[in-house]
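Okay, structure first, notes after.
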Amino acid sequence: MKRNGPVTALYPGSFDPVTLGHEDIARRTLRVADRVVVAVAHTATQAKRPAFSLEERVEMLQEVFGDEPRIECRSFEGLLVDFFRESNSDFVVRGLRAVSDFEYEFQMAQMNREMYADIEFIFLTPDAHLSFLSASLVREVARLGGDVSPFVSPQVLERLNRRFGEDR
Ligand code: PNS
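For the sequence shown, my numbering begins at 5 and goes up steadily by one.
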């Protein structure tokens, strides 16, 4: 941990797209940090073909957090541990929705710790009504024409409708 200066949390992820669950975690993090860097990874550990480009995902994050100057949105290349050091962060924050998330999160945290002993992780749980939500389910429901308006901010909904409306 840094001894002085604002406490900075790094919230990494794919954010394809950002959901209300991610938004909840980022805003909750401000209860334990002075600022949050929400960072879209160029390389996700679980390989998948993204629905939105990296630039689009960062833009969506900037749109939904436009009201909160303590949240900065950007992308990063390479290893999380390297970006953690570069961004002078104090800890990494990740959301834990259910026991099923635990194994993957624990494995990632331990692997990162092997690479950089000083990295710290804090896991936050989302509001109960968001605990079933995932970006992959939102993508699938939107792609198949379902209503995802309860799960994403209006700016994200508009982009999903534009993206998948074209395919239908
Ligand atoms: O939202 P996700 O897909 O669960 O986020 C996973 C993410 C982006 C945090 C993870 O894939 C990551 O840290 N990628 C950066 C590359 C890296 O450091 N890989 C080794 C992880 S042990």
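C-beta atoms are modelled at their ideal positions from N, C-alpha and C, and glycine is treated no differently.
| field | Option nearest Ala30 by Cα separation, candidates Gln159, Arg98, Ala146 | value | Arg98
| said: Short of 6 Å in beta carbon distance, which residues of its chain neighbour Arg78, apart from the five on each side in sequence? Order them along the chain. | reply: Ala43
| field | Cβ-Cβ separation, Arg163 to Glu60 (assumed contact under 8 Å), whole Å | value | 7 Å
| request: Return yes when the C-beta of Thr49 is under 7 Å from any heavy atom of the ligand PNS, and no when it is not. | output: yes
| task | Would you decide whether Ala45 is buried or exposed? Buried here means 16 or more other CB atoms lie within 10 Å of its CB. | result | buried
| Taking just the CA atoms, how far does Phe88 sit from His26? | 19 Å
| field | Collapsed DSSP secondary structure at Ile123 in the structure displayed | value | coil
| Regarding Ala37 and the ligand PNS, is the C-beta to nearest heavy atom distance less than 7 Å? | no
| Which one or two residues does DSSP pair with Tyr15 in a beta bridge? | Val42
| CB of Asp28 within 8 Å of CB of Val11, strictly | no
| query | Should Ala55 go down as buried or exposed, given a rule of 16 or more other Cβ atoms within 10 Å for buried? | reply | buried
| Thinking C-beta only, is Ile75 closer than 8 Å to Val96? | no
| task | Taking Glu81 as part of the beta strand (DSSP E), name the residues at either end of that continuous run. | result | That residue, Glu81, is in no beta strand (DSSP E); it is neither H nor E in DSSP.
| From Phe80 to Thr47, what distance separates their C-alpha atoms? | 9 Å
| How should Ala1 be labelled, buried or exposed, when 16 other C-beta atoms within 10 angstroms of its C-beta is the threshold for buried? | Given that the chain is displayed from residue 5 to residue 172, the structure contains no residue 1 and the question cannot be resolved.
| Near Phe155, what residues of its chain come up, given a Cβ to Cβ distance below 7 Å and the 5 sequence neighbours on each side ignored? | Thr23, Leu24, Leu137, Val142
| request: State the CB to CB distance for the pair Leu128 and Arg32, rounded to an integer number of angstroms; the pair is presumed to be in contact (CB under 8 Å). | output: 5 Å
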